[in-house]
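Residue numbers (the UniProt record's numbering): 1 to 1270.
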């Protein structure tokens, strides 16, 4: 029935025992009263990271409260911080008048029902008193103040009171509801063995098991010596060596009651009272007999086993392998569908994905949803019941609104049912959600479903990363060989693609045809409508080229509106080139017919072909064709200018220009060119000016001079005039270069050259730079002769306005100047334009690689100046630094100088174009950065704000990039599958001075060549669930810390993942520094290997060590000849090892495993730890020191030490001043040596109390006194 009422249940980990039984009771009663149920559940109540808390709890953001008649909030299961408050706010705004019931926790807004934890405890205490006659009964409660703990304590107290038994405060203990809660209680009780209680009531079975375990360690038997009962009757309790007497939590009754409550509210009836019927599970831990006759046996419901049916837990389950092997979306989800049988039986199963499911970059990136789901979702998989297996459908077009939750909710059914919604996510990123339905059967999913869904989610992540890497590689490839605007090849891609063409033409004895063309009147389009409109015509021309070319023909955009086409042709074929040109003209003519601006787009072109045998031949052919085309273009433009009808004003100006040139009335202003590093003046550019008899701009003068055919006069006068000014003012230009503009097509005659050189020869300036404007193209022979003349006489070459006009990579390669002046059009607004930054960055990369200085011309603002400095410009010229002036300026503004110096501070490496600076960038891809030629990253975020940066690599990808953090940085650096490397003695990661950094590890990360440097002034915390591997092979080394002559900063290891360090060299530390520092290892796994001469695995060489190893798992292979695995080589060592497992293998000459080698004694405190040492060497010590007082304390710890070597021993000090204290320890020592010493301590200084101790020396047992205190 479509009008059946519907209840929303918000819970977590519904497959957990108590929640499972609650939902069973809830569904049974809901079906009896004809209610549909929708359950929204996280997979786990407690997540071990914030990321997974976000991802798992996101399922609640799917809920559309408009679809429900009532809501049940299982608040006690929702342990994610802040989650309940968010749900309460949503309910108040989106469900203001609806029926809401909170379960098992008191709520200030909504009514609640608390499971009855009072009655079962009363019955358990009654059983101990009435059945067994116990009177001295203690109580181990859960969390103090928790509502459940209060109920259970009240049950204990009331039962004791009802039987007339007094309870004192010392009879009540508190725990955490977990197994280890009983340790403290038992430790206190065994201090007075004569007055143990008769029985202990525990607030749950986990704590009861923990109590029994602790008693067993002390030789106290349950139930013979003491009775123990639990509560909640879990499987572990029933299957214990002696089954725990317990009682079920009345969860099923509570679920039944909640439906009755809702039904009463919806139908305006009185709410019934909540009653429970509790039955005890009588095991043997209370002292009852007969439990041995019970055989703990769980029968299968089906004949198949997990092995025979290849279920999820079967060793034959290849689901994960098969999913990882898929390379396309369809095959991936088809494979998922093939393994759905592992979660049967069910009535329906659905996988619904967010609408970006096909986009791997979004799936694995910052754009993936963390909160909520996309408006539309795709149901990729829809399955029916097992008997209708053919109904399993994998589709990619089944789309519906996520607010609907699921279309099947609205279908008519003749029975009530439940749909269970769970999240599909990885970390904090949402992929979508899954829905399962069991038809008429009241039940929730089991553990296998949770594991299966998490496997699918992990493999979706793996597949998306693989697909994303493939997309990224394609993009990177395209960026390397394709032009960003047109999609045609760039110069690199064209020449790479042409190799195949050259080989093919040689094999067939054919020629290669080259067509060079550029577009007419583009300057008019750009001037009138802007460059964006001009780009449209360039893109249209590129599209036309693509449509015209046949298979095997290729094209490139060389720069701006210039294109080159190459084709293989027969030697006698003279038509293909003209055919291409004709078609191109036709297509451009089509766009001219629809344009209304009167500006006609045409082409300048040249076609030539030749036999080509290698890339060099093709480059020369392209150069010749491009130069000829440019000559034609310039000649056409000149003729057009001459044909223009002259106005009276033009005629008058021509006369004035003739007079100016005749009388040499040209004057010059000099504009400083400054260093981008320190603001000093590097050079001056001489800029022509005309003030008398009339004021003319340089373009106006040149236009008239061209009409008068007197450009040579302009060239000669400029060169001679500027040289004379420089010669007349030697002090003004001393040590500075002088840039002079020149027109290469009008260079001096041989006679004038001699005169010019005679003037240049005696100048006191630092040199003359001839600046070409490229407006007049030269043939290769002419250009070579000109370059030889200039450079042969000590002059240098600059190219002006690079990035505009005729400027392109081809011309840059031809001129190969000493300076490239980047056009002002590219620098205007560059501080806020990523596209300009990208283009200028590419120019600077090229100049840097080829020994050319990059000059940023036309800089007009401080922001533009800052940006070009950070991009790596060498020189700066513009109105912001200094205006052109008739007087030769000797200093620029001190404010500008300070700004230049400031912009270089902390990022001095930016002078090297190989450094990628993350100042405004929040994330960086190592693959992208390395493909652009960068070799280093500098994290340079400003202080304050959310300073979180992410550096992303790819699994299996090893970069040659190093990482440096700018001094003073505070924030988080997320490393996700990131790999770094550096040269020897240079850190792969340099954390900078005065920094405070959280390094959050995700995936597999690595450093090779150099370690992670943490200077003394800095603080670094490692966190996250990813791994870090460090490999260093150098004479002096460190893995994580600082060098042998320095102290490291404050280092805290709080990560869940593994730190692996492999170091080798003459001297160094794996974790630590030569002079020590503050080091705290609080959790995580460590795999450390030390090789070479002198080394330390964890600690320092020359300083005191105060080291704590807490809750970690450490595996050390110490193969250095001399040193210390954990501790200090030359100073006192104080080492505290708690809740830690250490496996240490050593092989060397003279070393100490834990302690100090040449320091004045040590103190090693081991508690609740597992230590396993296997050592061999000439003179090695397990725990202690070579001399001085060496105190070793082992308490509640398992320690195994095996030592083999002539001068070796296990514990103590070589001078006999060792102290060994063992309390409740399990200590086993086996020593084979030539000094006949196992523990280097006086017998009076060996104290062994309780526990198990074994000492073997040279294959014989050694007895040390053990005191038993029970």
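Note that CB positions come from ideal geometry on N, CA and C, so glycine has one too. Since this is a predicted model, take the numbers as computed values, not measurements.
task: Could you tell me whether the Cβ atoms of residue 591 and residue 524 are closer together than 8 Å?
output: Position 591 of the chain shown, counted from the first residue, corresponds to residue 591. Position 524 of the chain shown, counted from the first residue, corresponds to residue 524. Contact flag unset, no.
message: Check this for me: beta carbons of residue 1046 and residue 1093, under 8 Å apart or not?
response: For the purposes of this step, residue 1046 is taken as the residue at position 1046 of the chain shown. For the purposes of this step, residue 1093 is taken as the residue at position 1093 of the chain shown. Going by C-beta atoms, residue 1046 is not nearer than 8 Å to residue 1093.
- request: Using alpha carbons as the reference points, say which of 89, 50, 42 lies closest to residue 65.
  value: Here residue 65 is taken as the residue at index 65 of the chain shown, counted from 1. Among 89, 50, 42, the Cα nearest to that of residue 65 is on 89.
query: Residue ranges of each alpha helix (DSSP H) run of no fewer than 4 residues wholly in the stretch 502-563, ordered along the chain?
result: 522-529, 531-548
- prompt: Helix, strand or coil: how does DSSP classify residue 282 here?
  reply: As a working mapping, residue 282 is identified with position 282 in the chain shown. Of the three classes helix, strand and coil, the one that applies to residue 282 here is coil, per DSSP.
query: Hey, would you say residue 1249 sits closer than 8 Å to residue 1269, going by beta carbons?
result: Taking the chain shown and counting its residues from 1, one reaches residue 1249 at position 1249. Taking the chain shown and counting its residues from 1, one reaches residue 1269 at position 1269. Yes, these two residues count as a Cβ contact at 8 Å.
field: Neighbour-count burial assignment, residue 691, 16 or more Cβ in a 10 Å radius
entry: The residue given as residue 691 occupies position 691 in the chain shown. Under this definition residue 691 is an exposed residue.
- request: Would you mind sorting residue 1273 into buried or exposed? The rule is 16 or more other CB atoms within 10 Å of its CB.
  value: Absent from the structure is residue 1273, since the part of the chain shown begins at 1 and ends at 1270.
query: Beta-carbon of residue 1212 versus every beta-carbon of chain D: anything under 8 Å?
result: The chain inventory of the structure shown lacks chain D, comprising one protein chain alone.
message: Using a 10 Å radius around the Cβ and a threshold of 16 neighbouring Cβ atoms, would you call residue 490 buried or exposed?
response: For the purposes of this step, residue 490 is identified with residue 490 of the chain shown, where counting begins at 1. That one is buried.
- prompt: In the DSSP assignment, what residue or residues form a beta bridge with residue 669?
  reply: Position 669 of the chain shown, counted from the first residue, corresponds to residue 669. According to DSSP, residue 669 bridges with 687.
message: According to DSSP, is residue 1048 part of a helix, a strand, or is it coil?
response: The residue you call residue 1048 lines up with position 1048 of the chain shown. In the structure shown, residue 1048 sits in a strand (DSSP, three-state: E or B).
query: When we look at the beta-carbon of residue 354 and count the other beta-carbons within 10 Å, is it buried (16 or more) or exposed?
result: Reading the chain shown from its first residue, position 354 is the one you call residue 354. Buried, because 16 or more other Cβ atoms sit within 10 Å of the Cβ of residue 354.
query: Which word fits residue 895, buried or exposed, when buried means at least 16 other C-beta atoms lie within 10 angstroms of its C-beta?
result: On the chain shown, position 895 is the one that residue 895 refers to. Exposed: under 16 other Cβ atoms inside 10 Å.
message: Using C-beta distances below 6 Å, list every residue in its chain close to residue 1121, excluding the 5 sequence neighbours before and after it, in chain order.
response: What you label residue 1121 is simply residue 1121 of the chain shown in a count that begins at 1. Correct list, in chain order: 1093, 1148, 1149.
query: Hey, residue 433 and residue 442: beta-carbon distance below 8 Å or not?
result: The residue labelled residue 433 in the question sits at position 433 within the chain shown. The residue labelled residue 442 in the question sits at position 442 within the chain shown. Taking 8 Å as the Cβ cut-off, residue 433 and residue 442 do not qualify as a contacting pair.
message: Once the 5 residues before and after residue 930 are set aside, which same chain residues still bring their CB inside 7 Å of it?
response: Looking up residue 930 in the chain shown gives position 930. 959, 960, 961, listed in sequence order.
query: How long is the line joining the alpha carbons of residue 517 and residue 626, rounded to whole angstroms?
result: Position 517 of the chain shown, counted from the start, is the residue given in the question as residue 517. Position 626 of the chain shown, counted from the start, is the residue given in the question as residue 626. Answer to the nearest angstrom: the Cα atoms are 8 Å apart.
- prompt: Between the C-alpha atoms of residue 522 and residue 557, what's the straight-line distance to the nearest angstrom?
  reply: Translated into positions along the chain shown, residue 522 becomes position 522. Translated into positions along the chain shown, residue 557 becomes position 557. Rounded to whole angstroms, residue 522 to residue 557 spans 15 Å at the Cα level.
- prompt: Which residue's Cα is closest to the Cα of residue 654: 708, 879, 370?
  reply: The residue you call residue 654 lines up with position 654 of the chain shown. It is 708.
- prompt: With C-beta atoms as the reference, is residue 1102 less than 8 Å away from residue 1131?
  reply: Residue mapping note: residue 1102 aligns to position 1102 of the chain shown, counting from 1. Residue mapping note: residue 1131 aligns to position 1131 of the chain shown, counting from 1. In contact: residue 1102 and residue 1131 (Cβ atoms closer than 8 Å).
message: Quick check on DSSP: helix, strand or coil for residue 585?
response: Reading the chain shown from its first residue, position 585 is the one you call residue 585. The answer is helix: DSSP assigns residue 585 an H, G or I state.
message: In whole angstroms, give me the CA-to-CA distance for residue 1221 and residue 212.
response: Counting from 1 along the chain shown, the entry for residue 1221 is found at position 1221. Counting from 1 along the chain shown, the entry for residue 212 is found at position 212. Whole-angstrom Cα-Cα distance: 27 Å.
task: Use the C-beta contact count for residue 1254: other C-beta atoms within 10 angstroms, 16 or more gives buried, fewer gives exposed.
output: Stepping through the chain shown from its first residue, residue 1254 is reached at position 1254. Residue 1254 comes out exposed.
message: Could you check whether residue 208 and residue 230 sit closer than 8 Å to each other, using their CB atoms as the reference points?
response: Numbered from 1 along the chain shown, position 230 holds the residue referred to as residue 230. Numbered from 1 along the chain shown, position 208 holds the residue referred to as residue 208. In this structure, residue 208 lies closer than 8 Å to residue 230 by Cβ.
task: Look at residue 918 and residue 889 and say whether their C-beta atoms are less than 8 Å apart.
output: As a working note, residue 918 is residue 918 in the chain shown. As a working note, residue 889 is residue 889 in the chain shown. Not a contact, by the Cβ cut-off of 8 Å.
- prompt: Cβ atoms of residue 1173 and residue 1137: under 8 Å apart, would you say?
  reply: Sequence index remark: in the chain shown, residue 1137 carries index 1137 (1-based). Sequence index remark: in the chain shown, residue 1173 carries index 1173 (1-based). Against a cut-off of 8 Å, the Cβ pair of residue 1173 and residue 1137 comes out as no contact.
query: Who are the Cβ neighbours of residue 220 in its own chain at under 7 Å, not counting the five residues just before and after it?
result: Looking up residue 220 in the chain shown gives position 220. The residues are 226.
- prompt: Assuming residue 1320 and residue 831 make a contact with CB atoms under 8 Å, what is their CB distance in whole Å?
  reply: In the structure as shown, the chain begins at 1 and stops at 1270. Residue 1320 is therefore absent and cannot be evaluated.
- request: With a cut-off of 8 Å on the beta carbons, I'd call residue 672 and residue 684 a contact; round off their distance for me.
  value: Start at 1 with the first residue of the chain shown, and residue 672 comes out as number 672. Start at 1 with the first residue of the chain shown, and residue 684 comes out as number 684. That belief holds up - the Cβ atoms of residue 672 and residue 684 are roughly 6 Å apart, short of 8 Å.
message: Short of 6 Å in beta carbon distance, which residues of its chain neighbour residue 362, apart from the five on each side in sequence? Order them along the chain.
response: Taking the chain shown and counting its residues from 1, the one referred to as residue 362 is at position 362. Excluding sequence neighbours, residue 362 sits near 356, 368.
- prompt: In the stretch 209-281, which residue ranges form an unbroken alpha helix (DSSP H) of at least 4 residues, counting only runs that do not cross its ends?
  reply: 235-238, 251-266
- prompt: Can you name the start and end residues of the beta strand (DSSP E) that residue 423 belongs to?
  reply: The count along the chain shown starts at 1 and reaches residue 423 at position 423. Its beta strand (DSSP E) spans residues 418-426.
query: Whose C-beta lies closer than 6 Å to the C-beta of residue 737 among residues of the same chain, with five residues either side of it excluded?
result: Position 737 of the chain shown, counted from the first residue, corresponds to residue 737. So the list reads 683, 766, 767, 769, once near-sequence residues are dropped.
- prompt: How should residue 1280 be labelled, buried or exposed, when 16 other C-beta atoms within 10 angstroms of its C-beta is the threshold for buried?
  reply: Nothing can be reported for residue 1280, as the shown portion of the chain is limited to 1 through 1270.
field: Beta-carbon proximity of residue 1127 to residue 1090, cut-off 8 Å
entry: Counted from its first residue, the chain shown places residue 1127 at position 1127. Counted from its first residue, the chain shown places residue 1090 at position 1090. Their beta carbons are not under 8 Å apart, which means residue 1127 does not touch residue 1090 by this criterion.
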